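Numbering (numbering that gives the first Met the number 0), first residue to last: 0 to 95.
The structure appears right after this line, and notes come after that.
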Amino acid sequence: MNYSNTLAWDAKYDVIVIGFGGAGATAARYAAKQDNRVLLIDAAPEGSEGGNTRFAAGAFATAVDFDKAKDYYLQSFAPSITTKTRSIVSFTRSCS
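Given below as structure tokens:
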């Protein structure tokens with residue numbers, strides 16, 4: 000739906016969040032919780048919001064120990080991980 004004919008675009012906002020994925024939704028929520036006037040903008044058509052989080056089914060991974068996490072993923076997905084991917088993992092570790 001196009002709201003451009005029904006909304007006044009002269010409002011003032013404290014926070015503008017671009018993107019309604021997991022990060023954008025969280026940022027908008029917490030900004031609003033702090034009594035900020037928040038404008039949340041997303042380019043997706045209505046009903047298709049969610050950014051990459053929508054396609055990732057809302058899943059994400061985190062770890063306390065990088066080496067253990069790396070070993071876990073290498074063991075779990077070893078047949079599908081190429082030498083190039085292993086090099087990227089090694090490079091990422093050396094940069095952190």
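Backbone N, C-alpha and C define an ideal beta-carbon position, used for all residues, glycine too.
Quick caveat, the model's predicted, so the values are computed rather than measured.
LEU73, enclosing alpha helix (DSSP H) - first and last residue: The residue given as residue 73 occupies position 74 in the sequence shown. Per DSSP, LEU73 belongs to the alpha helix (DSSP H) from 65–76.
VAL98 versus ALA27, GLY50, GLU45 and PHE54, residue with shortest Cα-Cα distance: No statement about residue 98 is possible, as the shown extent of the chain runs from 0 to 95 and does not include it.
Supposed contact pair VAL16 and ASN35 - C-beta distance, whole angstroms, cut 8 angstroms: Reading the sequence shown from its first residue, position 36 is the one you call residue 35. Reading the sequence shown from its first residue, position 17 is the one you call residue 16. In fact, because the Cβ distance is near 10 angstroms, the residues do not count as touching under 8 angstroms.
Under 8 angstroms between C-beta atoms of GLY50 and PHE19: In the sequence shown, counting from the first residue as 1, residue 50 sits at position 51. In the sequence shown, counting from the first residue as 1, residue 19 sits at position 20. Yes, the pair counts as a contact, with Cβ atoms nearer than the cut-off.
Backbone CA spacing between ALA62 and LEU73 [nearest angstrom]: As a working note, residue 62 is residue 63 in the sequence shown. As a working note, residue 73 is residue 74 in the sequence shown. The straight-line gap from Cα to Cα measures roughly 14 angstroms.
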